[in-house]
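Visitor:
Numbering (the UniProt record's numbering), first residue to last: 1 to 601.
1) Would you call the CB atoms of residue 546 and residue 569 closer than 8 Å?
2) Can you give me the C-alpha to C-alpha distance between residue 413 and residue 549, rounded to a whole angstrom?
3) At the level of alpha carbons, what is the spacing between residue 503 and residue 585?
4) Helix or strand or just coil, what does DSSP make of residue 494?
5) Can you list, in chain order, the residues of its chain with a C-beta nearer than 6 Å to that of residue 532? Leave out the 5 residues immediately preceding and following it.
6) What does the alpha-carbon distance come out to for the pair residue 291 and residue 459?
7) Would you please state the rounded distance, in angstroms, between the beta carbons of residue 153 and residue 127? I believe it to be under 8 Å.
8) Near residue 155, which residues of its chain fall below 7 Å by C-beta distance, leaving aside the five closest residues on each side in sequence?
9) Just to confirm before moving on: does the CB-CB distance between residue 158 and residue 61 stay below 8 Å?
10) Quick check on residue 92: does DSSP put it in helix, strand or coil?
11) Just to confirm my understanding: we take residue 463, look at its own chain, exclude 5 residues before and 5 after, and list those with CB closer than 6 Å. What are they?
12) Let me know if residue 231 comes out buried or exposed under the rule of 16 or more other beta-carbons within 10 Å of its beta-carbon.
13) How far does the alpha helix (DSSP H) with residue 161 in it reach, from first residue to last?
14) Residue ranges of each beta strand (DSSP E) run of no fewer than 3 residues wholly in the region 454-520, ordered along the chain?
15) Taking the alpha-carbon positions, what's the residue 197 to residue 74 distance?
16) Starting from residue 52 and walking both ways along the alpha helix (DSSP H), at which residues does that stretch end?
17) With respect to the alpha helix (DSSP H) encompassing residue 276, which residues constitute its N-terminal and C-terminal limits?
18) Since residue 538 is in the alpha helix (DSSP H), which residue starts that stretch and which ends it?
19) Expressed to the nearest angstrom, what Euclidean distance is found between the alpha-carbon atoms of residue 515 and residue 556?
20) Distance check for residue 121 and residue 250, CA to CA, integer angstroms please.
21) Pick out whichever of 576, 224, 262, 151 has its Cα sitting closest to the Cα of residue 604.
22) Helix, strand or coil for residue 581, going by three-state DSSP, please let me know.
23) Around the Cβ of residue 573, are there at least 16 other Cβ atoms within 10 angstroms (buried) or fewer (exposed)?
24) Can you tell me whether residue 227 is buried or exposed? The criterion is at least 16 other CB atoms within 10 Å of its CB, across all chains shown.
25) Which of the three DSSP states, helix, strand or coil, is assigned to residue 344?
26) The alpha helix (DSSP H) spanning residue 187 covers which residue range?
27) Give the straight-line distance between the Cα atoms of residue 130 and residue 37, rounded to the nearest whole angstrom.
28) With the cut-off set at 8 Å, would you say residue 242 and residue 277 are in Cβ contact?
29) My understanding is that residue 398 touches residue 279, with C-beta atoms under 8 Å, so please give their C-beta distance in whole angstroms.
30) Would you say residue 434 and residue 411 are within 8 Å of each other, going by their C-beta atoms?
31) Considering only C-alpha positions, which residue in the set 77, 566, 379 is nearest to residue 422?
32) To which residues of the same chain is residue 534 closer than 6 Å at the C-beta, ignoring the five residues directly before and after it?
33) Just verifying my parser: in three-state terms, what is the DSSP assignment at residue 384?
34) Ordered along the chain, which non-local residues of its own chain (more than five positions away) have a Cβ less than 8 Å from that of residue 321?
35) Consult DSSP for residue 224 and reduce its assignment to one of helix, strand or coil.
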């Protein structure tokens with residue numbers, strides 16, 4: 001069966017040389033039939049002359065196609081098919097002129113209009129072939145559009161740019177990739193044409209080759225603009241784009257890494273299947289490594305503290321490192337770490353720098369990093385944090401890999417030290433990981449156990465953001481994160497409830513609602529410590545602000561009633577509930593027909 005399928009595949013997909021040969025043979029048949037015409041000889045002679053020109057151009061195109069190593073085939077096949085169709089019409093017409101009998105002429109009448117139409121089609125084919133030769137042969141310049149694209153000029157521009165990206169000189173390829181970005185910017189139809197006309201593979205090839213940083217940036221930017229829709233992102237992945245992107249992310253100079261990290265974030269945002277593909281390629285390791293550049297991570301867990309190395313181990317390490325530098329030119333996703341040890345034996349710290357075992361095409365090492373501008377380093381961190389955020393959304397595998405590569409400690413440290421977009425992206429990454437952990441008990445136990453230094457560091461920063469940040473944009477992901485982790489906190493962990501209760505009185509209604517939702521998860525019937533948490537909410541005087549919140553909006557009313565119901569269920573004999581007449585509020589809600597659901601979204 002496999003053999004039959006292979007034969008069928010060969011039949012279905014002819015080579016370019018075969019297609020052009022068939023068209024050339026058809027042109028020869030038209031010329032021969034035109035020469036044998038016995039009526040309308042002048043018109044047939046004109047057709048023969050035009051087809052002769054076509055035949056010469058077809059032969060030139062065939063020679064160029066044979067001699068071009070990386071031929072861009074889409075326009076060649078499309079134009080060859082169109083020329084073949086026009087030659088078929090010409091052959092049908094001149095054959096009608098071959099018969100001289102009166103009766104035969106009656107049944108094969110030809111008019112001047114028929115000849116004009118066929119000659120116009122042949123003229124269009126000549127124009128198409130002229131244009132085709134210019135994109136295959138870089139020495140030939142023609143700024144006109146082919147007649148085949150008269151109704152859709154965008155197609156011709158896309159063909160030209162893709163052909164240049166695939167077959168041109170490096171400088172021209174960079175310009176063509178940048179031009180493709182401008183052409184496709186905010187135009188989804190153009191982006192679809194680029195994908196349909198085979199533009200993904202040449203762009204990935206340009207990205208992978210690493211001939212220059214500008215070329216890689218141009219390719220990454222083009223793929224970024226094309227990949228703003230799930231189907232097109234899937235096309236990039238189907239073209240083996242994911243391993244190429246991960247490899248380039250680990251090997252390239254910093255300004256290239258910014259563009260590639262943006263591409264990873266865009267693709268991960270658009271398609272959940274691609275997120276898992278990135279996880280299989282371990283993309284989170286280089287991202288965490290790059291995010292941790294120049295960041296000192298304090299490790300409180302004795303298990304994580306590296307022991308002081310002996311002289312012999314340092315010598316052996318240097319030998320291995322020298323061997324890798326001499327002969328290893330492929331990307332290794334493991335992190336290179338430089339450890340410093342305190343003489344007092346207190347804390348040890350780990351300063352994480354990006355791995356650079358690899359690129360002979362402008363790859364980087366620690367020295368390269370030290371000369372990069374602070375602005376570029378910040379830009380890279382922002383992009384990597386966004387990529388981790390998008391990758392971790394609804395992905396257990398990516399979330400687990402982030403937590404296994406000291407990602408949580410890194411995120412916590414940046415949330416503590418940084419401001420603005422970088423801090424926000426890290427908060428969103430933590431929020432997505434926490435939301436995944438809420439649904440996955442194994443991840444929750446592994447990454448957020450209360451004895452974990454990483455979990456402690458993250459929790460401290462989440463609470464600090466909730467209590468100290470004035471921006472609701474920062475508060476909301478922090479509140480959501482703690483709510484998602486409600487089942488991980490023991491009953492004695494009361495320092496979390498207080499800050500959440502305080503947010504019930506926040507002037508921003510959305511912040512107050514998110515605090516209500518988070519507190520609802522602490523007292524949800526599935527939470528083992530629900531009664532203790534309910535008592536803590538009462539002790540922090542959470543009932544009065546909760547009742548005030550009920551009147552602010554419909555959404556606040558729904559989630560507020562849910563929380564109030566759980567409090568009444570677990571600590572119904574509380575004096576605070578009695579004094580606030582909470583049970584009367586619930587009774588009134590039931591009588592009013594308010595439906596209280598038990599799911600949090």
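All C-beta atoms in this analysis are idealised placements derived from N, C-alpha and C, irrespective of residue type, glycine included.
Guide: In brief:
1) Locating residue 546 in the chain shown gives position 546, counting from the first residue. Locating residue 569 in the chain shown gives position 569, counting from the first residue. In this structure, residue 569 does not lie closer than 8 Å to residue 546 by Cβ.
2) Here the question's residue 413 lines up with position 413 in the chain shown. Here the question's residue 549 lines up with position 549 in the chain shown. Their backbone Cα atoms lie some 34 Å apart in a straight line.
3) As a position in the chain shown, residue 503 is number 503, starting the count at 1. As a position in the chain shown, residue 585 is number 585, starting the count at 1. Looking at the two C-alpha atoms, the distance is approximately 21 Å.
4) As a working note, residue 494 is residue 494 in the chain shown. The answer is coil: DSSP assigns residue 494 none of H, G, I, E or B.
5) For the purposes of this step, residue 532 is taken as residue 532 along the chain shown, with counting starting at 1. So the list reads 491, once near-sequence residues are dropped.
6) For the purposes of this step, residue 291 is taken as the residue at position 291 of the chain shown. For the purposes of this step, residue 459 is taken as the residue at position 459 of the chain shown. A straight-line Cα-Cα distance of about 20 Å links residue 291 and residue 459.
7) The residue labelled residue 153 in the question sits at position 153 within the chain shown. The residue labelled residue 127 in the question sits at position 127 within the chain shown. With 8 Å as the limit, residue 153 and residue 127 do not qualify as a contact, their Cβ atoms being about 14 Å apart.
8) Stepping through the chain shown from its first residue, residue 155 is reached at position 155. So the list reads 149, 193, once near-sequence residues are dropped.
9) Residue 158 sits at position 158 when you count from the first residue of the chain shown. Residue 61 sits at position 61 when you count from the first residue of the chain shown. No, these two residues do not count as a Cβ contact at 8 Å.
10) Residue mapping note: residue 92 aligns to position 92 of the chain shown, counting from 1. If DSSP states are grouped into helix, strand and coil, residue 92 belongs with the helices.
11) Position 463 of the chain shown, counted from the first residue, corresponds to residue 463. These residues qualify, in order along the chain: 499.
12) Within the chain shown, the letter at position 231 stands for residue 231. Under this definition residue 231 is an exposed residue.
13) Residue mapping note: residue 161 aligns to position 161 of the chain shown, counting from 1. Looking at the DSSP string, the run of the alpha helix (DSSP H) that includes residue 161 is 153-167.
14) none
15) Taking the chain shown and counting its residues from 1, the one referred to as residue 197 is at position 197. Taking the chain shown and counting its residues from 1, the one referred to as residue 74 is at position 74. One C-alpha to the other measures close to 6 Å.
16) For the purposes of this step, residue 52 is taken as the residue at position 52 of the chain shown. 41-67 is the span of the alpha helix (DSSP H), which, as asked, contains residue 52.
17) The residue labelled residue 276 in the question sits at position 276 within the chain shown. Run containing residue 276: 272-280, per the alpha helix (DSSP H) assignment.
18) As a working note, residue 538 is residue 538 in the chain shown. Start and end: 530-539.
19) Your numbering for residue 515 matches position 515 in the chain shown. Your numbering for residue 556 matches position 556 in the chain shown. Roughly 10 Å between the two C-alpha positions.
20) Within the chain shown, numbered from 1, the residue matching residue 250 stands at position 250. Within the chain shown, numbered from 1, the residue matching residue 121 stands at position 121. Looking at the two C-alpha atoms, the distance is approximately 53 Å.
21) The first residue shown for the chain is 1 and the last is 601, placing residue 604 beyond what the model contains.
22) Reading the chain shown from its first residue, position 581 is the one you call residue 581. In the structure shown, the three-state DSSP call for residue 581 is coil.
23) Here residue 573 corresponds to residue number 573 of the chain shown, with the count starting at 1. Flag for residue 573 reads exposed.
24) Locating residue 227 in the chain shown gives position 227, counting from the first residue. Buried, by the Cβ-count rule.
25) Here residue 344 is taken as the residue at index 344 of the chain shown, counted from 1. Here residue 344 scores only 34 on pLDDT, less than 50, and its place in the model should not be relied on; the value that follows carries that caveat. Residue 344 falls in the coil class under three-state DSSP.
26) For the purposes of this step, residue 187 is identified with residue 187 of the chain shown, where counting begins at 1. No alpha helix (DSSP H) holds residue 187; DSSP gives it neither H nor E.
27) In the chain shown, residue 130 corresponds to position 130, counting from 1. In the chain shown, residue 37 corresponds to position 37, counting from 1. Distance between the alpha carbons of residue 130 and residue 37 is about 29 Å.
28) Start at 1 with the first residue of the chain shown, and residue 242 comes out as number 242. Start at 1 with the first residue of the chain shown, and residue 277 comes out as number 277. Yes, the pair counts as a contact, with Cβ atoms nearer than the cut-off.
29) Mapped onto the chain shown, residue 398 falls at position 398. Mapped onto the chain shown, residue 279 falls at position 279. With a Cβ gap of about 5 Å, residue 398 and residue 279 count as contacting.
30) On the chain shown, residue 434 is found 434 positions in, with the first residue counted as 1. On the chain shown, residue 411 is found 411 positions in, with the first residue counted as 1. Contact flag unset, no.
31) In the chain shown, counting from the first residue as 1, residue 422 sits at position 422. Nearest C-alpha to residue 422: 379.
32) Taking the chain shown and counting its residues from 1, the one referred to as residue 534 is at position 534. Excluding sequence neighbours, residue 534 sits near 523, 567, 570, 571.
33) Numbered from 1 along the chain shown, position 384 holds the residue referred to as residue 384. Residue 384 falls in the helix class under three-state DSSP.
34) Residue mapping note: residue 321 aligns to position 321 of the chain shown, counting from 1. At residue 321, the pLDDT of 40 sits below 50, so the modelled position is not reliable; the number obtained from the coordinates is stated separately. Answer for residue 321: no residue qualifies.
35) Counting from one through the chain shown, the residue named residue 224 turns up at place 224. Three-state result, residue 224: helix.
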